[in-house]
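Single-structure report; data block below.
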Amino acid sequence: MLVPMAFKLPESVLVVVHTPRLDVLLLERATGGLWQSVTGSREPDDPDLEATARRELLEETGLSMGTLIDWRLVNRYEIWAQWRARYAPDVTHNVEHVFGFTVAQQTVATLDPAEHVAQLWLPWQDAMKKVFSPTNRDAIGQLPQRTLR
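Residues in the sequence shown are numbered consecutively from -13, following my numbering.
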């Protein structure tokens, strides 16, 4: 008997991990060599988006000690063709919720090699230039203003 494939929910989080000095942690995807912040889809059993953000932080970096802030910034974008098969056939767009996660200092993340193969801490200006996602670039660009609040 075939078990139906569980599709990803078209709702995700983007978590910009940074220090008080605004150095940003970037992760290199295992496929394609693309750099990004922590990202991930909401799971059906996640009680809320903060839980999704904390789960993704732990899964992708091993980080749990820090301050998580919901930026209350929501992006809607078209899912790239190479990732569309992960979603139900009628799904074309994703809704992304942006969070910031402040850690006291640069730290070594524990990576899942199936997802990420390298990590890099960069000043926010350089991190903006390195990420592939426009919404990730925009979020990092907002970091100085968001940390002044």
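The beta carbon of each residue, even a glycine, is placed where N, CA and C say it ideally should be.
For residue i, the first and last residue of its enclosing beta strand (DSSP E)
i	result
Glu29	That residue, Glu29, is in no beta strand (DSSP E); it is neither H nor E in DSSP.
Ala104	His102 to Pro109
Arg62	Thr53 to Glu64
Val84	His79 to Thr88
Contacts around residue i, its chain only, beta-carbon distance under 8 angstroms, and the 5 residues preceding and following it disregarded
i	result
Arg70	Val77 and Thr78
The alpha helix (DSSP H) enclosing residue i, as first and last residue numbers
i	result
Arg132	Pro120 to Leu134
Whole-angstrom distance between residue j and residue i, CA atom to CA atom
i	j	result
Trp57	Val103	28 angstroms
Arg62	Lys(-6)	16 angstroms
Gln105	Thr17	14 angstroms
Glu(-3)	Pro30	10 angstroms
Asp98	Gln131	31 angstroms
Ala67	Pro75	12 angstroms
Residues near residue i by beta carbon distance below 7 angstroms, same chain, minus five either side
i	result
Ser109	The sequence as given places Pro at residue 109; Ser does not occur at that position. Counting only Cβ-Cβ distances below 7 angstroms, and skipping sequence neighbours, we find Leu8 and Asp9.
Own chain partners of residue i with C-beta closer than 6 angstroms, once the 5 adjacent residues on each side are dropped
i	result
Leu49	Leu43
Leu11	Val3 and Trp107
8 angstroms Cβ cutoff, residue i in contact with chain D
i	result
Gln111	No chain D is part of this structure, which consists of one protein chain only.
In DSSP terms, what residue i is bridged to
i	result
Lys(-6)	Tyr73
Val94	According to DSSP, Val94 bridges with nothing at all.
Gln22	Leu13
Leu0	Thr25 and Val84
Mind the definition here: the stretch 84 to 91 touches the stretch 111 to 120 only if three or more C-beta pairs lie below 8 angstroms; say whether that holds.
no
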